[in-house]
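Okay, structure first, notes after.
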Amino acid sequence: MAQAMAGDEPAYCSLLVELSQHLRAFCRRRLAHMPAEVEDLVQETLLAIHNQRHTYDPGRPFTAWAHAIARYKLVDLLRRRSRREMLTDGLDHESELLGDTDLDASEAARDLGLLLQTLPDRQRLPIVHVKIDGLSVAEAAARTGMSVSAVKVGIHRGLRALAARLSNDR
Amino acid sequence: MKTAALIDLLSRAENPVARHALLRRFATAVSLGAAGALLLFFIRLRVNPGLADMLVMPAFWIKVGFTMSTFVAALAVATRLARPGVAVGRAGLWMCAPILVVWMLMTMALVQADPAARLPLVMGTTSRTCPMNIAILSLPIMVATIWALRGLAPTKLRAAGGVAGLCAGALGAAIYGLHCPELEAPFLGVWYVIGMTLPAMLGAWLGPRMLRW
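Protein chains in written order, with the working numbering: chain A, 1 to 170; chain B, 171 to 383.
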């Protein structure tokens, strides 16, 4: 993680891959009664870990930090669910059961790609150009007519907004 | 979007994280909040004309030490609560220590005092305005500390909000000390503590509402 925080791209990627496997096992165990939520929670936690990486202290164990985030996101999910279930009736529950059975193992029920489309252009375009098309920040700035710092801010705010939407729109 | 695609997205071309980002955020917040509180101070109150005389009294420095050490300890606890997976630990005890010391001094002063003099020691001359003034001065600092936490990752939202409020209350009390004529421990132990507790309670109420991430 310390390497990743210093900007080492391959190290960060392999860290996230390994982390996602641990997270999936963690979420499966905790969400045994709602398997459709597992991958959603994995993605939400990964996004949170990315967005909150500045709160990691390199002098402390990484696993404790990541685990605390996963637990926070799990509790948050369960709280949201229980609040929603108090408001809805059983019918909703059944249709959900039928609808979610055929999911690809690593495909979340809630599509981040679609959610990305709902962001304003100043956040969506920097994310699409830099994070998906693989342009450099400078190239993305030239293409969108935004300043370099506006592109960076757009990515940062966009990913935070995405995380906020994930946890609010359930 | 598959999880693999999300990982690609997150790991691509990332800016390195600024070093000490968390501490810097708190430093910015506290500076701005303190500036706001000082502005409020000079609009609403004025520096006590007897301040120069008080500077030589130990009781004045006990008061400064009480408010400032509570502030520093609460800030330390807040930085721990802002990091997932970090236990508050001993920092929590340090945060309570200044208040306990003042209560001890208060008890000693009240025991030694003549029974008829006890109530005046507690009430001083400004007890009616003191807690409210502290709470009002702490508001800009509280806005700043809550802002700082909103960009970080507290997992115990009520505790984090409460400590952010206590931190603001203690610094607000330190600033109010420039105006306040009271120096007796019994006064501090009651009215300053109430003044610092009000923002702490407000913060604990705001925490779960404003600090979710």
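For each residue, glycine too, the CB sits at the ideal point set by N, CA and C.
Handout entry: Selection of the stretch 249-283 of chain B by Cβ proximity to chain A, strictly under 7 Å
Key = Hits within the stretch, in order: Ala252, Arg253, Pro254, Gly255 and Val256.
Problem - Three or more C-beta pairs below 8 Å linking the stretch 194-210 of chain B and the stretch 70-90 of chain A - result: As far as the Cβ criterion goes, the stretch 194-210 of chain B does not touch the stretch 70-90 of chain A, which means the pair count is below three.
Exercise for the section: Just the chain B side, please: which residues come within less than 7 Å of Cys13(A) by C-beta, in chain order? Expected result: Against chain B, the beta carbon of Cys13(A) has neighbours under 7 Å at Ile177 and Ser181, listed in chain order.
Practice task
Measure the C-alpha to C-alpha separation of Arg320(B) and Ile269(B) and round it to an integer number of angstroms.
Solution key: Their backbone Cα atoms lie some 28 Å apart in a straight line.
Exercise for the section: Report yes if the C-beta distance between Ala267(B) and Cys337(B) is below 9 Å; otherwise report no. Expected result: Contact: no.
Practice task
Would you kindly check if the distance between the Cβ of Gly255(B) and the Cβ of Pro172(A) is under 9 Å?
Solution key: As shown, chain A starts at 1 and ends at 170. That puts residue 172(A) outside it, with no answer to give.
Practice task
Taking only beta-carbon positions, decide if Arg81(A) is within less than 9 Å of chain B.
Solution key: It does not: the Cβ of Arg81(A) has no partner Cβ on chain B nearer than 9 Å.
Problem - Cβ neighbours of Arg160(A) in the same chain (closer than 8 Å, five flanking residues each side left out) - result: Contacts found: Asn51.
Practice task
Give the secondary structure of Lys172(B) by DSSP, where H, G and I count as helix, E and B as strand, and everything else as coil.
Solution key: DSSP places Lys172(B) in strand when its eight states are reduced to three.
Exercise for the section: Give the interface partners of His67(A) over in chain B, defined as CB-CB distance under 9 Å, in chain order. Expected result: Those within 9 Å of His67(A) in chain B are Pro254 and Gly255.
Problem - Pairwise C-alpha distance: Arg122(A) and Leu78(A) - result: Leu78(A) and Arg122(A) have their C-alpha atoms roughly 33 Å apart.
Exercise for the section: Report the three-state DSSP secondary structure of Glu85(A) (helix, strand or coil). Expected result: The answer is helix: DSSP assigns Glu85(A) an H, G or I state.
Handout entry: Pairwise C-alpha distance: Arg195(B) and Ala318(B)
Key = In this structure, the alpha-carbon of Ala318(B) lies about 6 Å from that of Arg195(B).
Exercise for the section: Measuring only between beta-carbons, confirm whether His22(A) sits less than 9 Å from chain B. Expected result: Closer than 9 Å: no.
Problem - Cβ of Ala142(A) within 9 Å of any chain B Cβ - result: For Ala142(A), no Cβ of chain B is located within less than 9 Å of the residue's own Cβ.
Handout entry: Proximity of Leu348(B) and Ile127(A) at Cβ, strictly below 9 Å
Key = No; because the gap between Cβ atoms is not below 9 Å, this pair is not in contact.
Handout entry: N-terminal and C-terminal residue of the alpha helix (DSSP H) that Ala257(B) is part of
Key = It is not in any alpha helix (DSSP H) - Ala257(B) carries neither H nor E in the DSSP assignment.
Problem - Own chain partners of Ala163(A) with C-beta closer than 8 Å, once the 5 adjacent residues on each side are dropped - result: Closer than 8 Å at the Cβ level, and outside the excluded window around Ala163(A), lie Glu44, Leu47, Ala48 and Asn51.
Practice task
Could you tell me which of Ala138(A), Tyr12(A), Glu18(A) and Leu16(A) sits nearest to Pro386(B), measuring between CA atoms?
Solution key: Residue 386(B) cannot be examined here, being either before or after the span of chain B that is shown, 171 to 383.
Practice task
Can you give me the Cβ contacts of Leu97(A) inside the same chain, cut-off strictly under 6 Å, excluding the 5 residues immediately before and after it?
Solution key: The pLDDT assigned to Leu97(A) is 49, lower than 50, so where the model puts this residue is not dependable, and the model offers no usable value.
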